[in-house]
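*Asks:* Mapped onto our numbering, the consecutive letters of the sequence shown carry residue numbers 137 to 894.
The beta carbon of each residue, even a glycine, is placed where N, CA and C say it ideally should be.
Fair warning: this is a prediction, and the values are worked out from it, not measured in the lab.
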Amino acid sequence: MSVTPSSGINCPVLSPQPYSSRSFSLVIVADVGTEPFHVGDEAMLMANVEALRRHDPEVRVTVIGREAQGGAGGPSAAAVLAGADGLFLSGGGNLSSSWPELLHQRIRWIGKARRRGLPVVTGGQTIGPVLNPTDRSALAEALAGVDLLGVRDLPSAALALQMGAPADRLSYQPDDAFFLAGHPPADRGGPDAPFLLVTLDPAFAAMGSRSGLCSLALQLAAIAAESRLRLAFLPHVGPLGSLGDEDGLAGAALARLLRAEGVECELLPVMPPAETVWVTQRAAAVVSSRYHPLVFATAAGVPCLGIYRDDYTRIKLQGALAHLGMEAWCQSAADAERFGLIGAFRGLWGRREEIAAAMIRAREPLADQEERRWRQLLARLGRTRGAAEPPRLLGWPAERAGRLAEAALSALVLERQASEAEAGHWRGVVNRMERSVDLAVEAAQGWQRRIMEETRVLTEQQWNDYSRDGFLHLGKVVEPEELEALRRRADDLALGNVKNPDVQMQLDTGGVYEELPQAVRAFEHGTRLYRKIQGLETDDLFVRLVKHPLFLEISARQYGPHAPISIFRAMVMNKPAGQGTVLPWHQDGGNVWALDRDPLVTVWVALDPATRANGCLEVIPGTHRLGLLSLYGSTVAEEHVRVHCPPERVLPLEVEAGHAVLLHNWLIHRSGVNPTSVPRRAMTVCYMDGRTQSVLTGNFFPLVSGSIPIEPYPYLHQLRSDCAMLREMATRQMWKIGLHRLRSLLYRVRDHVVPAKS
137 MSVTPSSGIN CPVLSPQPYS SRSFSLVIVA DVGTEPFHVG DEAMLMANVE
187 ALRRHDPEVR VTVIGREAQG GAGGPSAAAV LAGADGLFLS GGGNLSSSWP
237 ELLHQRIRWI GKARRRGLPV VTGGQTIGPV LNPTDRSALA EALAGVDLLG
287 VRDLPSAALA LQMGAPADRL SYQPDDAFFL AGHPPADRGG PDAPFLLVTL
337 DPAFAAMGSR SGLCSLALQL AAIAAESRLR LAFLPHVGPL GSLGDEDGLA
387 GAALARLLRA EGVECELLPV MPPAETVWVT QRAAAVVSSR YHPLVFATAA
437 GVPCLGIYRD DYTRIKLQGA LAHLGMEAWC QSAADAERFG LIGAFRGLWG
487 RREEIAAAMI RAREPLADQE ERRWRQLLAR LGRTRGAAEP PRLLGWPAER
537 AGRLAEAALS ALVLERQASE AEAGHWRGVV NRMERSVDLA VEAAQGWQRR
587 IMEETRVLTE QQWNDYSRDG FLHLGKVVEP EELEALRRRA DDLALGNVKN
637 PDVQMQLDTG GVYEELPQAV RAFEHGTRLY RKIQGLETDD LFVRLVKHPL
687 FLEISARQYG PHAPISIFRA MVMNKPAGQG TVLPWHQDGG NVWALDRDPL
737 VTVWVALDPA TRANGCLEVI PGTHRLGLLS LYGSTVAEEH VRVHCPPERV
787 LPLEVEAGHA VLLHNWLIHR SGVNPTSVPR RAMTVCYMDG RTQSVLTGNF
837 FPLVSGSIPI EPYPYLHQLR SDCAMLREMA TRQMWKIGLH RLRSLLYRVR
887 DHVVPAKS
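Here it is as structure tokens:
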């Protein structure tokens, strides 16, 4: 096979070998030949050329690099295709509106090849996810004319099918460079083993104040110490043989930050693809925000973690890992920068042998699949030794078809953009993939229904209603059997039948709110006449309700999708039968809560029906928009009650048992007594941004979602504790000074009023 470089691109020239009676000229379009050098793009081309040489030595290849794909001075597409017998698009991630020039270059190449009657095949592509209507229409038309379309991730497969690509021409495959063999660098050895290999893109060096990179450096320093691994940074993009000013910027900045922590990080230069593969596959583990380091690592069973910044990189990185069943080992940059990296790596490193063995097992069938794919690709090009294989869909065993069905159907659910007819079309497409897909579709439909039930997404109209009113009825969240168990558990805690040293409970005296007794850990004599039981996030029954997916999703909407979520309090509020304390108009928040920021989300779940007759919650709609009426918070002053709480604005919130209400903490609300013969109990949970701290102790609160490792900042935690202790000591000292001054004043008054004895 011979390789003809176009426009000066460096390609190996391979000696022709006898294979068949007819030579074949193939044009390969690839993103190579320009600066900066991109290891992944070069690796995919190299792997494809080597595979062609192995399978069909008689094929003559002309490579069209980026400069020659339409630039001035390069050969025209018509001239290149004039003597060609087929067109091959090397793998990549450019079929997206994010790179319109490259997208339309490929569309033009496909169109010109089809008009000449040439077969068109592709390597593994990532399609989208960003496609504007014009680009989507043009790409859909082009893909309809591709004889074999390779896709390297399931979302791309789903999108291709949605755009009308024929299912029997679709090949789900690992990245083109997955099987590329590595060899050691000619002029240097690799890092000393064992080492952790890191690759970060330039965005990590460009972050404002570099706080994110500082966080990663602290975590990598801790990882190196815990796992006893050396650190090495390998740039993926930049001038060959140097660190460069692409990925190298992030590497140099990271190395400086690590050096400040007493940890050295070896900075490697940009290497050719085979050398990059060799170094990557010698690593003990890999952490990368780039795609191909994960491809090279998984191919050799090297445990790795991906860090993505957006949907595009998430799809690519998870796609690289998914072929080996490792897609869970991927997290967002925001989570990684908030000290999620160290926790994820600990999990990965603790299971490294198990993970490596699983990847090696998963690789074996991929090798057989790759051989079948190349035979089929050459058959679609008309290059077959003997009879061509009958057309068949490649790379879709039942398990993968099921995962595609799940991905496609979940996309319909989450985006809520498809009608039932479109969903039926999807299922029809998937059913044609393989005989066993029927079962996979049923499983995906069950998964879809379960997700819809467990993680209901509020509509924008509901959010608008909540923004206007300060409350929102959420509907049913607890089934009757669970309700009964929760009611029984609350009563058993108050009666002393169940012990939990972490809860506190308060007696209901049926009197004035201000005269209620202090909370205690347990009543001296068990009773059902309790007002509240607090600390229920530590109870194994109530914690399941605390972590209800809908409540966590609401909190994520309020505090941000990547924010950790904590609990200020989770408690049962009770209005005992024939009793209950009048809770006056109040707001939840302010200095009385002693927090460094006010919580905004409270979820109120009725364990018994809440009606006007039994003292249900009453609110003044829209008053949350007033903000806190006093810095202290809690009970609303009489003058504010007169202005903001006239009788005609009072709205009773009647709620069925098992149903929930979302409340803004600043919404003015109250509740009355319960004159009925049955109790009225409710579970109430206040959700906070997990970074909220007590201003008295500096402590965080119990997390229900996300994480806030404080290990890298123990001095800060200790400083806050010391400040809290000093504040308490100062308060006591002020009391002593005040008492001393009062005593002196009393002495002076006494001496003035009572004459001294003569």
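List the DSSP bridge partners of Y308.
*Replies:* Residue mapping note: residue 308 aligns to position 172 of the sequence shown, counting from 1. Looking at the DSSP assignment, Y308 forms a beta bridge with V287.
*Asks:* In whole angstroms, give me the CA-to-CA distance for A274 and L238.
*Replies:* The count along the sequence shown starts at 1 and reaches residue 274 at position 138. The count along the sequence shown starts at 1 and reaches residue 238 at position 102. Each residue's alpha carbon lies about 13 Å from the other.
*Asks:* Could you spell out the range, first to last residue, of the beta strand (DSSP E) harbouring N230?
*Replies:* One-based indexing of the sequence shown puts residue 230 at position 94. Taken as a continuous stretch (DSSP letters only), the beta strand (DSSP E) holding N230 covers G228 to L231.
*Asks:* Which of helix, strand or coil does DSSP assign to G374?
*Replies:* Translated into positions along the sequence shown, residue 374 becomes position 238. Strand at G374.
*Asks:* Could you tell me if R392 is buried or exposed, where buried requires 16 or more neighbouring beta carbons within 10 angstroms of its beta carbon?
*Replies:* Within the sequence shown, numbered from 1, the residue matching residue 392 stands at position 256. Flag for R392 reads exposed.
*Asks:* Do the segment 305-318 and the segment 173-183 touch if we need at least three Cβ pairs shorter than 8 Å?
*Replies:* The answer is yes - the segment 173-183 touches the segment 305-318, with three or more Cβ pairs under 8 Å.
*Asks:* When the Cβ atoms of the segment 357-375 are set against those of the segment 473-488, are three or more pairs found closer than 8 Å?
*Replies:* The segment 357-375, when compared against the segment 473-488, does touch it at the 8 Å Cβ threshold.
*Asks:* Count the other C-beta atoms from every protein chain shown that fall within 10 angstroms of the C-beta of Q654, then say buried if there are 16 or more, exposed otherwise.
*Replies:* The residue you call residue 654 lines up with position 518 of the sequence shown. Looking at its Cβ environment, which holds fewer than 16 other Cβ atoms inside 10 Å, Q654 is exposed.
*Asks:* Between the alpha carbons of F678 and A742, how many angstroms are there, rounded?
*Replies:* Translated into the one-based positions of the sequence shown, residue 678 becomes position 542. Translated into the one-based positions of the sequence shown, residue 742 becomes position 606. Going from the Cα of F678 to the Cα of A742 covers about 13 Å.
*Asks:* Using 8 Å as the threshold, is the segment 290-307 in touch with the segment 397-417, meaning 3 or more CB pairs across them?
*Replies:* Verdict: no, contact absent.
*Asks:* Can R806 and L719 be called in contact, C-beta distance under 8 Å?
*Replies:* To locate residue 806, count along the sequence shown from 1; it is residue 670. To locate residue 719, count along the sequence shown from 1; it is residue 583. Yes, Cβ-Cβ distance for R806 and L719 is below 8 Å.
*Asks:* Between R509 and D283, which are expected to be in contact by the criterion C-beta below 8 Å, what is the C-beta distance as a whole number of angstroms?
*Replies:* Here residue 509 refers to the residue found at position 373 of the sequence shown. Here residue 283 refers to the residue found at position 147 of the sequence shown. No, R509 and D283 are not in contact; Cβ-Cβ is about 13 Å, not under 8 Å.
*Asks:* If you drop the 5 nearest sequence neighbours on each side, which residues of the same chain put their C-beta closer than 8 Å to that of V287?
*Replies:* On the sequence shown, residue 287 is found 151 positions in, with the first residue counted as 1. The answer, listed in chain order, is G260, Q261, T262, I263, A293, A296, L306, S307, Y308 and Q309.
*Asks:* For the beta strand (DSSP E) holding I703, just list the boundary residues, first then last.
*Replies:* Residue mapping note: residue 703 aligns to position 567 of the sequence shown, counting from 1. Per DSSP, I703 belongs to the beta strand (DSSP E) from I701 to K711.
*Asks:* Mind pulling the beta strand (DSSP E) runs of 3 or more residues that sit fully within the segment 731-800?
*Replies:* Listed in chain order, they are 737-742, 753-755, 787-789 and 795-800.
*Asks:* Indicate the three-state DSSP secondary structure (helix, strand or coil) for H661 in the structure shown.
*Replies:* If you number the sequence shown from 1, residue 661 lands on position 525. If DSSP states are grouped into helix, strand and coil, H661 belongs with coil.
*Asks:* Give me, in chain order, the residues of the same chain whose beta-carbon lies closer than 6 Å to that of A433; leave out the 5 immediate sequence neighbours on both sides.
*Replies:* Counted from its first residue, the sequence shown places residue 433 at position 297. Correct list, in chain order: T416, V422 and C440.
*Asks:* Please report the straight-line C-alpha distance between H776 and D601, rounded to a whole angstrom.
*Replies:* Residue numbering aside, residue 776 sits at position 640 when the sequence shown is read from its first letter. Residue numbering aside, residue 601 sits at position 465 when the sequence shown is read from its first letter. Their Cα atoms are separated by approximately 24 Å.
*Asks:* From which residue to which residue does the alpha helix (DSSP H) around G455 run?
*Replies:* Along the sequence shown, one-based indexing puts residue 455 at 319. Note, G455: alpha helix (DSSP H), D447 to A458.
*Asks:* Here's the rule: buried if 16 or more other CB atoms are within 10 angstroms of the residue's CB, otherwise exposed. What is S351?
*Replies:* The sequence position of residue 351 within the sequence shown is 215, counting from 1. By the 10 Å Cβ count, S351 comes out buried.
*Asks:* List the residues that DSSP assigns as beta-bridge partners of K668.
*Replies:* Taking the first residue of the sequence shown as position 1, residue 668 is located at position 532. Q642 and M709.
*Asks:* Look up H609 in the DSSP assignment and say whether it is helix, strand or coil.
*Replies:* Taking the sequence shown and counting its residues from 1, the one referred to as residue 609 is at position 473. It is a strand residue.
*Asks:* Using the three-state DSSP reduction, which class does V728 fall into: helix, strand or coil?
*Replies:* Position 592 of the sequence shown, counted from the first residue, corresponds to residue 728. Reduced to three states, the DSSP call for V728 is helix.
*Asks:* When you compare the CB positions of S770 and V728, do they come within less than 8 Å of one another, or not?
*Replies:* In the sequence shown, counting from the first residue as 1, residue 770 sits at position 634. In the sequence shown, counting from the first residue as 1, residue 728 sits at position 592. In contact: S770 and V728 (Cβ atoms closer than 8 Å).
*Asks:* Can the beta-carbon of L460 be found closer than 8 Å to that of M407?
*Replies:* The sequence position of residue 460 within the sequence shown is 324, counting from 1. The sequence position of residue 407 within the sequence shown is 271, counting from 1. No, these two residues do not count as a Cβ contact at 8 Å.
*Asks:* What's the C-alpha gap between V797 and P745?
*Replies:* Here residue 797 refers to the residue found at position 661 when the sequence shown is read from its first residue. Here residue 745 refers to the residue found at position 609 when the sequence shown is read from its first residue. Going from the Cα of V797 to the Cα of P745 covers about 13 Å.
*Asks:* Count the other CB atoms within 10 Å of the CB of G229; is the residue buried (16 or more) or exposed (fewer)?
*Replies:* As a working note, residue 229 is residue 93 in the sequence shown. Burial call: buried.
*Asks:* If we cut at 8 Å on Cβ distances, does R272 have a partner in chain C?
*Replies:* No chain C appears in this structure, which consists of one protein chain only.
*Asks:* Quick one: is H428 buried, meaning 16 or more other Cβ sit within 10 Å of its Cβ, or exposed?
*Replies:* Locating residue 428 in the sequence shown gives position 292, where the first residue counts as 1. H428 comes out buried.
*Asks:* How big is the Cα-Cα spacing for L803 and N636?
*Replies:* Here the question's residue 803 lines up with position 667 in the sequence shown. Here the question's residue 636 lines up with position 500 in the sequence shown. Whole-angstrom Cα-Cα distance: 32 Å.
*Asks:* Quick check: the segment 628-635 against the segment 692-707, are there 3 or more CB pairs under 8 Å?
*Replies:* Verdict: no, contact absent.
*Asks:* Below 8 Å on the Cβ atoms is my contact criterion, and I expect L376 with F173 to pass it. Report the Cβ-Cβ distance as a whole number of Å.
*Replies:* For the purposes of this step, residue 376 is taken as the residue at position 240 of the sequence shown. For the purposes of this step, residue 173 is taken as the residue at position 37 of the sequence shown. With 8 Å as the limit, L376 and F173 qualify as a contact, their Cβ atoms being about 5 Å apart.
*Asks:* If we count the other Cβ atoms within 10 Å of its Cβ and call it buried at 16 or more, is K452 buried or exposed?
*Replies:* Position 316 of the sequence shown, counted from the first residue, corresponds to residue 452. Classification for K452: buried.
*Asks:* What residue range is occupied by the uninterrupted beta strand (DSSP E) comprising V256?
*Replies:* Translated into the one-based positions of the sequence shown, residue 256 becomes position 120. V256 -> beta strand (DSSP E) spans V256 to I263.
*Asks:* Within 10 Å of its beta-carbon, does S425 have 16 or more other beta-carbons around it, so buried, or fewer, so exposed?
*Replies:* For this step, residue 425 is matched to residue 289 along the sequence shown. It counts as buried.
*Asks:* Using three-state DSSP, classify G442 as helix, strand or coil.
*Replies:* Indexing the sequence shown from 1 puts residue 442 at position 306. Note: G442 maps to strand in three-state DSSP.
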